[in-house]
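*Asks:* My structure is below; once you've seen it, I'll send some questions.
There are 2 protein chains.
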Amino acid sequence: MEHESMEETAKILKLLGDKTRLSMIGLLLKKECCVCEFVELFKMSQPAISQHLRKLKDAELVNEQRRGQWIFYSLNPENAYFPLVQDVIKHIPDQQEKFVLLEQQGLRITCNS
Amino acid sequence: MEHESMEETAKILKLLGDKTRLSMIGLLLKKECCVCEFVELFKMSQPAISQHLRKLKDAELVNEQRRGQWIFYSLNPENAYFPLVQDVIKHIPDQQEKFVLLEQQGLRITCNS
DNA sequence: TTATTATATAAGGGGTTACTTATATGTTGA
DNA sequence: TCAACATATAAGTAACCCCTTATATAATAA
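So the sequence lines, in the order shown, correspond to chains D and P.
Quick note: the first sequence, position 83, residue 83 per UniProt numbering, numbers continuous.
Quick note: the second sequence, position 47, residue 47 per UniProt numbering, numbers continuous.
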């Protein structure tokens, strides 16, 4: 389909081959998120989350945008592998409840756009 | 789409996140292959190839079938993640030339069904 | 039976990964 | 300016990954 290399494609799939990053990408397909939201949702340390996002950013799968003291991450639709990512995400479990959780916990108070 | 877990899905993607295995799966989608064909195509050692196939088999992504002294591997369409695999494979480079190569080198002589 | 071929498995090593804790950077508001 | 907050980076570590070499298993053919 695309004419990118096997190696590059494998690199993208390896990035998606981690449950935290895979879930992140799934969430980002719905809406942009900031680091503290991920920390809350995944119950992981802030550096761990930051490091996962760094890898996604290094691969240019996500964009970051600072807004005040928060940095929001979003999917990068310009990436050559965005269609692959979209196709993969079709196959992951629904995560709507995660957004509901964020609302309920009033995370907006500590991480407000 | 499917109702399998994020973790299981990530596990499959991690398996596909290696250029040798990704390429193998792409080839197996076209036709079954035996170990010595992969050894030839990938210019890798026989144990290395065997170990990759072992991982794919452990995940039940491939089936094996002995025919004489050869063991043929094929994709397992029964696997819950087969649709994911199919969608991923749409995004890898064409490998038709690899089959042509096998023909030309008359691999049939050393690895004949 | 013995040699040959095809494949699998075991053991080991070097590189990578995904965390951890500690610290640095950058922004905001008093 | 300073304290609090959000995030990034650095360093360390245990577990894992992908190869290697050596050996075992299994089928075939002489």
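Beta carbons are placed, not taken as given, at the ideal position from N, Cα and C, and that holds for glycine.
So which residues of chain P does ALA10 (chain D) contact, with C-beta pairs closer than 9 Å?
*Replies:* Chain P residues near ALA10 (chain D): LEU16, GLY17, ASP18, LYS19, THR20, ARG21, LEU22, SER23, ILE92.
*Asks:* With three or more beta-carbon pairs closer than 8 Å as the criterion, would you say the segment 90 to 98 of chain D touches the segment 47 to 62 of chain P?
*Replies:* No, because fewer than three Cβ pairs between the segment 90 to 98 of chain D and the segment 47 to 62 of chain P fall closer than 8 Å, the two stretches do not touch.
*Asks:* List the residues of chain P whose Cβ lies closer than 8 Å to the Cβ of ASP87 (chain D), in chain order.
*Replies:* Within 8 Å Cβ-Cβ: ASP87, VAL88, LYS90, HIS91.
*Asks:* According to DSSP, what are the bridge partners of GLU97 (chain D)?
*Replies:* DSSP lists no partner for GLU97 (chain D).
*Asks:* To be precise: take each residue of the segment 26 to 50 of chain P, compare its Cβ to all Cβ atoms of chain D, and keep it if any distance is under 7 Å. Which residues remain?
*Replies:* Within the segment 26 to 50 of chain P, no residue has a Cβ that lies closer than 7 Å to any Cβ of chain D.
*Asks:* Counting only C-beta atoms, is GLU7 (chain P) closer than 8 Å to chain D at any point?
*Replies:* Output row for GLU7 (chain P): interface = yes.
*Asks:* For chain P, check one thing: does any of its Cβ atoms lie closer than 8 Å to the Cβ of PRO77 (chain D)?
*Replies:* So no, PRO77 (chain D) is outside the interface.
*Asks:* Return helix, strand or coil for GLU32 (chain D), following the three-state DSSP convention.
*Replies:* Reduced to three states, the DSSP call for GLU32 (chain D) is coil.
*Asks:* Any beta carbon of chain P sitting closer than 8 Å to that of LEU84 (chain D)?
*Replies:* Output row for LEU84 (chain D): interface = yes.
*Asks:* Express the C-alpha separation of CYS36 (chain P) and GLY17 (chain P) in angstroms, rounding to a whole number.
*Replies:* Going from the Cα of GLY17 (chain P) to the Cα of CYS36 (chain P) covers about 22 Å.
*Asks:* Report the rounded CA-to-CA distance for LYS43 (chain P) versus LEU29 (chain P), giving the unit in angstroms.
*Replies:* In a straight line, the C-alpha of LYS43 (chain P) is about 20 Å away from that of LEU29 (chain P).
*Asks:* Going by DSSP, name the residue or residues bridged to ILE71 (chain D).
*Replies:* In DSSP, ILE71 (chain D) forms a bridge with D:ARG66.
*Asks:* Cα separation between residue 133 (chain P) and LEU41 (chain D)?
*Replies:* Outside the displayed range of chain P (1 to 113) lies residue 133 (chain P), so it cannot be described from this structure.
*Asks:* With 8 Å as the threshold, decide whether the Cβ of LEU13 (chain P) is near any Cβ in chain D.
*Replies:* It does; some Cβ of chain D falls within 8 Å.
*Asks:* Helix, strand or coil: which one does DSSP assign to MET6 (chain D)?
*Replies:* In this structure, MET6 (chain D) counts as helix in the three-state DSSP scheme.
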